[in-house]
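Enquirer: If you scroll down you'll find the structure; I have some questions about it.
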Amino acid sequence: MQRHLERELEHVKKMLLGVATLVEEAGHIAVQAVVERDETLANRVVDADEHIDAKEVEVEEECLKILALHQPVAIDLRYVIAILKINNDLERIGDLASKIARRAIYLARHAKVDVPIDLAAMGRLVHRMLRNSLDALVNYDAELARSVIEADDQVDDFNRAMYDVVKEAIPKSGDNYMQYVQLLSLSRDLERIADQASNIAEDVIYLVEGEIIRHRHHEDFSPVSENV
């Protein structure tokens with residue numbers, strides 16, 4: 003019975019990593035579409051979103067089947083719970099990648115406006131966070147997961163800088179103001195992907211250590227003192 007459960011857990015992990023591959027590619031291509039003003043690339047991401055949604059449902063159904071048939075406990079139960087949560091995070095990232103792609107289409111069809119924010123660099127940072135969170139899952143690496151959470155502040159800095167730039171640029175932008183609005187929204191979408199990558203990292207730490215660390219990003223992951 004346990005051996006059969008282990009096989010099913012390994013199978014659902016492979017299914018999840020398949021979803022992760024699709025999502026990771028979608029996020030990368032969406033940012034590329036923005037930088038290169040490429041509608042063809044953007045449409046690839048938009049078209050792929052339904053496929054990602056379908057795969058997310060398959061993973062969820064497989065997890066529910068494992069819960070119903072095997073009633074796992076301890077580490078096996080934590081594993082299934084973590085897979086369910088990460089699966090949901092990945093689906094949300096796929097939706098955000100699709101949003102970015104749609105913004106890329108809008109920007110490609112309108113006059114280019116320049117901002118002193120390196121969106122490509124922001125995209126690379128977010129992509130690295132996502133990749134590391136998934137590597138942490140594959141390797142049960144809680145320290146790598148923690149490094150993902152710590153990187154989130156850098157993405158927040160990018161987003162705040164974009165907000166400041168757009169706030170200053172819009173009053174002077176005339177008919178181009180919507181391009182700045184789209185760029186700000188795009189920056190916010192990337193920041194949300196980083197948040198989802200951090201959520202995945204938190205779930206990895208829960209899986210490996212059995213510790214829930216959500217809402218404790220600024221406590222250096224130290225235990226809460228009973229004297230506080």
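Under our numbering, the letters of the sequence shown match residues 3 to 230, in that order.
Backbone N, C-alpha and C define an ideal beta-carbon position, used for all residues, glycine too.
#1: Let me know the secondary structure DSSP gives Ile119 once reduced to three states.
#2: Under the assumption that Val128 contacts Leu192 (Cβ atoms under 8 Å), give the Cβ distance between them as a whole number of angstroms.
#3: How is Val59 classed by DSSP in three states: helix, strand or coil?
#4: Do Ala163 and Asp91 have their C-beta atoms closer together than 9 Å?
#5: Of all the alpha helix (DSSP H) runs that stay within the bounds of the stretch 131-194, which reach a length of 4 or more residues?
#6: Once you ignore the five residues that flank Asp51 on each side, which residues in its own chain have a CB closer than 8 Å to its CB?
#7: Secondary structure at Val25, three-state DSSP: helix, strand or coil?
#8: At a cut of 8 Å, does the stretch 37-52 reach the stretch 61-76 through at least three beta carbon pairs?
#9: Can you tell me whether Glu64 is helix, strand or coil according to DSSP?
#10: Drop a sphere of 10 angstroms on the beta-carbon of Gln73, count the other beta-carbons inside from all chains shown, and report buried for 16 or more, exposed for fewer.
#11: Only counting the same chain, and skipping five residues up and downstream in sequence, which positions put a Cβ closer than 8 Å to that of Ala122?
#12: Helix, strand or coil: how does DSSP classify Ile214 here?
#13: So what does DSSP say about Val75, is it helix, strand or coil?
#14: Kindly indicate which three-state DSSP category Asp91 falls into: helix, strand or coil?
#15: Judging by CA-CA distance, which residue of Tyr165, Val14, Leu109 is the nearest neighbour of Asp78?
#16: Short of 7 Å in beta carbon distance, which residues of its chain neighbour Leu43, apart from the five on each side in sequence? Order them along the chain.
#17: Am I right that Glu41 and Ala110 are in contact with their C-beta atoms under 8 Å? What's the rounded C-beta distance?
Expert: The structure says:
#1: For the purposes of this step, residue 119 is taken as residue 117 along the sequence shown, with counting starting at 1. DSSP, reduced to helix, strand and coil, places Ile119 outside both helices and strands of the structure shown, so it counts as coil.
#2: Residue 128 sits at position 126 when you count from the first residue of the sequence shown. Residue 192 sits at position 190 when you count from the first residue of the sequence shown. By a beta-carbon distance limit of 8 Å, Val128 contacts Leu192. Their separation comes to about 5 Å.
#3: Counted from its first residue, the sequence shown places residue 59 at position 57. Residue state, collapsed to three classes: helix.
#4: Indexing the sequence shown from 1 puts residue 163 at position 161. Indexing the sequence shown from 1 puts residue 91 at position 89. The answer is no: Cβ separation not under 9 Å.
#5: The qualifying runs are 144-171.
#6: Taking the first residue of the sequence shown as 1, we reach residue 51 at position 49. So the list reads Ala28, Gly96, Asp97, Ala99, Ser100, once near-sequence residues are dropped.
#7: As a working mapping, residue 25 is identified with position 23 in the sequence shown. It is helical.
#8: Touching, no, given that fewer than three Cβ pairs across the two stretches are closer than 8 Å.
#9: For the purposes of this step, residue 64 is taken as residue 62 along the sequence shown, with counting starting at 1. Glu64 falls in the helix class under three-state DSSP.
#10: As a first step, residue 73 must be located in the sequence shown, where it is residue number 71. In this structure Gln73 is exposed. Its beta-carbon is surrounded by fewer than 16 other beta-carbon atoms within 10 angstroms.
#11: Residue mapping note: residue 122 aligns to position 120 of the sequence shown, counting from 1. Contacts found: Val33, Val37.
#12: As a first step, residue 214 is located in the sequence shown; it is residue number 212 there, counting from the start. Coil.
#13: As a first step, residue 75 must be located in the sequence shown, where it is residue number 73. It is coil, neither helix nor strand.
#14: Within the sequence shown, numbered from 1, the residue matching residue 91 stands at position 89. Assignment of Asp91 by DSSP, reduced to helix, strand and coil, places it in the helix class.
#15: Looking up residue 78 in the sequence shown gives position 76. Relative to the Cα of Asp78, the nearest Cα in the group Tyr165, Val14, Leu109 belongs to Val14.
#16: Position 41 of the sequence shown holds residue 43. Closer than 7 Å at Cβ, skipping near neighbours: Ile31, Gln34, Ala35.
#17: By one-based count along the sequence shown, residue 41 stands at place 39. By one-based count along the sequence shown, residue 110 stands at place 108. With 8 Å as the limit, Glu41 and Ala110 qualify as a contact, their Cβ atoms being about 5 Å apart.
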